[in-house]
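Protein chains in written order, with our numbering: chain H, 1 to 228; chain W, 229 to 456.
See below for the structure under consideration.
Protein chains: 2
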Amino acid sequence: MKILIVEDERHLADSMQALLRSKGFEVEAVYDGEDGAQYAELGIYDLLILDVMMPKINGYDVARMVRKQHCNTPILMLTAKSELEDRIEGLNAGADYYLTKPFDSRELLACINAMLRRQGTQVNDMFFGNTHLDLSTCKLVCGENSIRLSPKEFDIMRFLLQTGEKNLSKETILARVWGYNSEAVGNHVEVFVGFLRKKLKAIGSNICIEARRNLGYHLEVEADAEET
Amino acid sequence: MKILIVEDERHLADSMQALLRSKGFEVEAVYDGEDGAQYAELGIYDLLILDVMMPKINGYDVARMVRKQHCNTPILMLTAKSELEDRIEGLNAGADYYLTKPFDSRELLACINAMLRRQGTQVNDMFFGNTHLDLSTCKLVCGENSIRLSPKEFDIMRFLLQTGEKNLSKETILARVWGYNSEAVGNHVEVFVGFLRKKLKAIGSNICIEARRNLGYHLEVEADAEET
DNA sequence: ATAGAATTTCAGCCGAATTTCAGCAATTTG
DNA sequence: CAAATTGCTGAAATTCGGCTGAAATTCTAT
Numbered sequence: 001m002k003i004l005i006v007e008d009e010r011h012l013a014d015s016m017q018a019l020l021r022s023k024g025f026e027v028e029a030v031y032d033g034e035d036g037a038q039y040a041e042l043g044i045y046d047l048l049i050l051d052v053m054m055p056k057i058n059g060y061d062v063a064r065m066v067r068k069q070h071c072n073t074p075i076l077m078l079t080a081k082s083e084l085e086d087r088i089e090g091l092n093a094g095a096d097y098y099l100t101k102p103f104d105s106r107e108l109l110a111c112i113n114a115m116l117r118r119q120g121t122q123v124n125d126m127f128f129g130n131t132h133l134d135l136s137t138c139k140l141v142c143g144e145n146s147i148r149l150s151p152k153e154f155d156i157m158r159f160l161l162q163t164g165e166k167n168l169s170k171e172t173i174l175a176r177v178w179g180y181n182s183e184a185v186g187n188h189v190e191v192f193v194g195f196l197r198k199k200l201k202a203i204g205s206n207i208c209i210e211a212r213r214n215l216g217y218h219l220e221v222e223a224d225a226e227e228t
Numbered sequence: 229m230k231i232l233i234v235e236d237e238r239h240l241a242d243s244m245q246a247l248l249r250s251k252g253f254e255v256e257a258v259y260d261g262e263d264g265a266q267y268a269e270l271g272i273y274d275l276l277i278l279d280v281m282m283p284k285i286n287g288y289d290v291a292r293m294v295r296k297q298h299c300n301t302p303i304l305m306l307t308a309k310s311e312l313e314d315r316i317e318g319l320n321a322g323a324d325y326y327l328t329k330p331f332d333s334r335e336l337l338a339c340i341n342a343m344l345r346r347q348g349t350q351v352n353d354m355f356f357g358n359t360h361l362d363l364s365t366c367k368l369v370c371g372e373n374s375i376r377l378s379p380k381e382f383d384i385m386r387f388l389l390q391t392g393e394k395n396l397s398k399e400t401i402l403a404r405v406w407g408y409n410s411e412a413v414g415n416h417v418e419v420f421v422g423f424l425r426k427k428l429k430a431i432g433s434n435i436c437i438e439a440r441r442n443l444g445y446h447l448e449v450e451a452d453a454e455e456t
């Protein structure tokens with residue numbers, strides 16, 4: 001579960017980061033709107049926390065930019081301003097929730113949980129076709145059979161399950177699994193997709209990882225009954 | 229878009245109902261928690277607006293009951309209480325948003341829109357005749373049949389569907405699909421139009437790609453049996 | 001240190017997507 | 001009607017991204 005914090009008050013950013021880490025989230029933080037927009041648009045986060053008043057680009061505009069990229073990661077907006085107009089502007093800019101500073105950490109957690117719950121980000125197992133991924137043991141399970149996934153295999157499989165039939169580009173997978181600016185290249189993804197396909201087959205899964213040339217990968221249930 | 233209001237203050241319920249109706253929503257209202265739970269569990273609404281303090285069953289419990297039925301309609305909770313603990317309880321009970329009374333009608337609309345926006349499965353399809361193009365899977369669909377389009381086929385088909393019956397010149401298609409200054413020539417378009425015609429036929433579509441000598445292409449619905 | 005697992009690297013292959021082309025069909029023009 | 005132009009089509013050729021197996025390297029736990 002990956003969360004991006006965009007907040008220029010270092011102190012607040014750090015304490016939120018610590019709080020969320022302690023709850024088991026992966027957290028990254030950046031400190032101005034420009035970086036925020038750039039990272040957010042990668043589409044690799046499960047949740048964005050945006051401050052409104054920030055250097056370079058304000059939170060409303062970051063939200064609008066992100067939405068314009070057809071990236072619909074849930075957005076929690078934070079602000080010291082509690083004026084009605086601000087809340088409305090935030091929501092209309094694409095935010096999903098609006099929290100006024102100062103806020104209680106329990107409230108932050110409650111609304112983060114509400115948003116993730118809504119987004120359908122699974123906490124236990126993720127299902128697709130006749131198969132599911134056990135998040136606590138990192139195993140792919142299909143009926144009686146199961147097989148262990150290596151860390152990277154697991155990350156990729158989870159990401160694929162999250163987006164299901166929607167397309168995931170290699171670049172997005174690289175950014176999420178190998179990190180924003182790593183050396184890794186497309187072939188890495190190809191190799192791991194190969195590993196996953198082999199393992200899916202080994203347990204008799206009907207999940208296919210389909211490639212769309214130049215676009216990326218997505219899942220499908222093997223049953224293709226479409227011909228002339 | 230169907231909304232259920234559960235609110236015991238008649239006056240407020242009525243004015244919300246009027247407001248939302250004026251914005252084009254279908255709205256129903258009930259006036260206590262028991263009715264609320266019963267209606268909500270039908271699972272036919274796109275959004276629930278729940279008051280917290282109500283006769284018979286309070287809003288938190290209605291939310292919990294609804295969620296327990298695996299009904300995950302988005303819930304907007306309304307309350308006069310603005311205490312931290314209440315907000316947290318509401319969110320943890322399954323609410324998606326918490327609005328404090330009295331609220332501004334514009335804020336109500338903004339957050340309803342935000343919730344519906346999130347809920348909305350953004351399935352982008354383009355229709356023509358008996359056929360549609362699924363933009364997320366790049367498939368042409370006609371009734372039970374569907375067929376995958378290659379990237380260039382997809383681009384051209386989408387462009388044609390966009391302009392529909394209006395004429396599209398080969399040059400325009402070349403500029404759009406192959407790029408402003410590419411080597412591609414008219415025959416490229418002809419070949420791909422051929423591919424598309426074959427695929428349209430294969431799925432039993434009634435869409436025709438008609439050519440107008442020296443002008444270009446446009447779509448038409450196949451008009452059978454009208455000859456002399 | 002060592003075995004075993006996980007990841008990276010790489011070269012060659014494969015096939016879908018695209019391009020090319022030649023010949024035929026249809027339409028227009030003189 | 002014949003000539004000229006434009007559009008259609010099937011088949012062959014080409015290209016390029018994605019796939020694969022094997023070897024090399026790095027990581028991890030004992």
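We put the CB at the ideal spot given by N, CA and C, even for glycine.
The structure presented is a predicted model; accordingly, all values stated were derived computationally and were not measured.
### Query
Between the region 275 to 287 of chain W and the region 304 to 321 of chain W, do three or more beta carbon pairs fall short of 8 Å?
Contact check between the region 275 to 287 of chain W and the region 304 to 321 of chain W: three or more CB pairs, one atom from each, fall below 8 Å, which counts as touching.
### Query
If you draw a straight line from the alpha carbon of residue 155(H) to that of residue 64(H), how long is it in whole angstroms?
Just so you know, the alpha carbons of residue 155(H) and residue 64(H) end up roughly 29 Å apart.
### Query
Looking only at DSSP bridge pairs, what is residue 328(W) linked to?
Residue pairing by DSSP places residue 328(W) opposite 307(W) in a beta bridge.
### Query
Can you find a CB in chain H that lies within less than 9 Å of the CB of residue 335(W)?
At least one CB of chain H lies nearer than 9 Å to the CB of residue 335(W).
### Helix, strand or coil at residue 341(W) [DSSP, three-state]
Residue 341(W): helix per DSSP, three-state reduction.
### Query
Is it a yes or a no for the region 362 to 374 of chain W touching the region 422 to 441 of chain W, going by three-plus beta-carbon pairs under 8 Å?
With a cut-off of 8 Å, the region 422 to 441 of chain W and the region 362 to 374 of chain W count as touching, because enough Cβ pairs lie within range.
### Between the CA atoms of residue 153(H) and residue 190(H) - distance to the nearest angstrom
The straight-line gap from Cα to Cα measures roughly 11 Å.
### Query
If you measure beta-carbon to beta-carbon, which residues of the region 132 to 166 of chain H are closer than 9 Å to chain W?
The residues in question are 165, 166.
### Query
Quick one: what's residue 359(W) bridged to in DSSP?
Paired residues: 356(W).
### Cβ of residue 3(H) within 9 Å of any chain W Cβ
So no, residue 3(H) is outside the interface.
### Message
Nearest by alpha-carbon distance to residue 43(H): which of 21(H), 2(H), 14(H), 30(H) is it?
### Response
It is 2(H) whose Cα lies nearest to the Cα of residue 43(H).
### Query
Using the rule of at least 16 other Cβ atoms within 10 Å of the residue's Cβ for burial, across every protein chain shown, is residue 132(H) buried or exposed?
The residue is buried, with at least 16 neighbouring Cβ atoms inside 10 Å.
### Opening and closing residue of the alpha helix (DSSP H) in which residue 156(H) lies
Looking at the DSSP string, the run of the alpha helix (DSSP H) that includes residue 156(H) is 151 to 163.
### Task
Taking only runs that begin and end inside the region 43 to 68 of chain H, name each unbroken beta strand (DSSP E) of 3 or more residues, in chain order.
Qualifying beta strand (DSSP E) stretches, in chain order: 47 to 51.
### Query
On the three-state DSSP scale, how would you describe residue 205(H)?
In this structure, residue 205(H) counts as coil in the three-state DSSP scheme.
### Message
If contacts are defined as beta-carbon pairs under 8 Å, then residue 398(W) and residue 422(W) qualify, I think. What distance do you get, rounded to the angstrom?
### Response
Not really, about 13 Å apart at Cβ, beyond 8 Å.
### Message
For residue 81(H) and residue 100(H), I'd like the C-alpha separation in whole angstroms.
### Response
Annotation: residue 81(H) to residue 100(H) spans about 7 Å, alpha carbon to alpha carbon.
### Query
Alpha carbon to alpha carbon, what distance is there between residue 344(W) and residue 229(H)?
This structure does not reach residue 229(H), given that chain H is present from 1 up to 228, and the question cannot be answered.
### Task
Would you mind stating whether residue 125(H) and residue 109(H) have Cβ atoms separated by less than 9 Å?
Residue 109(H) sits away from residue 125(H), with the two beta carbons spaced by 9 Å or more.
### Message
Against residue 214(H), what residues of chain W qualify as contacts under a CB-to-CB distance less than 8 Å, listed in chain order?
### Response
Under the 8 Å cutoff, chain W gives 379.
### Message
Which of the three DSSP states is assigned to residue 239(W) in this structure?
### Response
Shown here, residue 239(W) sits in a helix according to DSSP, grouped into three states.
### Message
Would the region 232 to 246 of chain W count as touching the region 259 to 267 of chain W if we require 3 or more Cβ pairs under 8 Å?
### Response
These segments touch.
### Nearest-angstrom Cβ-Cβ length linking residue 57(H) and residue 40(H), presumed shorter than 8 Å
Taking a contact as a CB-CB distance under 8 Å, the pair residue 57(H) and residue 40(H) does not count as one, their CB atoms being some 11 Å apart.
### Query
Closest by CA to residue 28(H), which one among 84(H), 67(H), 176(H)?
Considering only 84(H), 67(H), 176(H), the residue with the shortest C-alpha distance to residue 28(H) is 176(H).
### Message
On the CB-based measure, 16 or more other CB atoms within 10 Å of its CB, does residue 332(W) come out buried or exposed?
### Response
Residue 332(W) is classed as exposed because its beta carbon has fewer than 16 other beta carbons within 10 Å across all chains shown.
### Task
Find the nearest neighbour of residue 375(W) within the set 424(W), 248(W), 250(W), 323(W), judged by alpha-carbon distance.
Nearest Cα to residue 375(W) within the set 424(W), 248(W), 250(W), 323(W): 424(W).
### Message
Please confirm whether residue 102(H) has its beta-carbon closer than 9 Å to some beta-carbon of chain W.
### Response
For residue 102(H), the answer is no, since every Cβ of chain W falls outside 9 Å of its Cβ.
### Query
Excluding the five sequence neighbours on either side, which residues of its own chain have a C-beta within less than 6 Å of the C-beta of residue 225(H), listed in chain order?
Caution is warranted here: a pLDDT of 39 is assigned to residue 225(H), below 50, making its placement in the model unreliable, and the coordinate value is therefore given only provisionally. Once the five neighbours on either side are set aside, residue 225(H) has no close Cβ partner at all.
### Residue nearest to residue 13(H) in terms of C-alpha spacing, selected from 102(H), 205(H), 162(H)
Of the listed residues, the one whose Cα sits closest to residue 13(H) is 102(H).
### Chain-ordered neighbours of residue 323(W) on chain H, where CB pairs are closer than 8 Å
Ordered by position in chain H, the residues that pass the 8 Å Cβ test against residue 323(W) are 114.
### Query
Going along the chain, which residues of the region 39 to 70 of chain H sit with their C-beta nearer than 7 Å to a C-beta in chain W?
Going along the region 39 to 70 of chain H in chain order, one finds no residue with a Cβ nearer than 7 Å to chain W.
### 8 Å Cβ shell around residue 392(W) - same chain, five flanking residues per side excluded
Hits under 8 Å: 356, 446, 447.
#### Entry: beta-carbon residue 198(H) near the ligand COA non-hydrogen atom, thresh 8 Å
The model on display carries no ligand, and the ligand COA is accordingly not part of it.
### Query
So what does DSSP say about residue 444(W), is it helix, strand or coil?
Of the three classes helix, strand and coil, the one that applies to residue 444(W) here is strand, per DSSP.
### Task
Thinking residue 118(H) and residue 324(W) are a contact (beta carbons under 8 Å), I'd like their distance in whole angstroms, please.
At roughly 6 Å, the Cβ-Cβ gap stays under 8 Å, so residue 118(H) and residue 324(W) are in contact.
#### Entry: Inter-residue spacing [alpha-carbon to alpha-carbon] between residue 412(W) and residue 406(W)
Cα-Cα distance, rounded: 7 Å.
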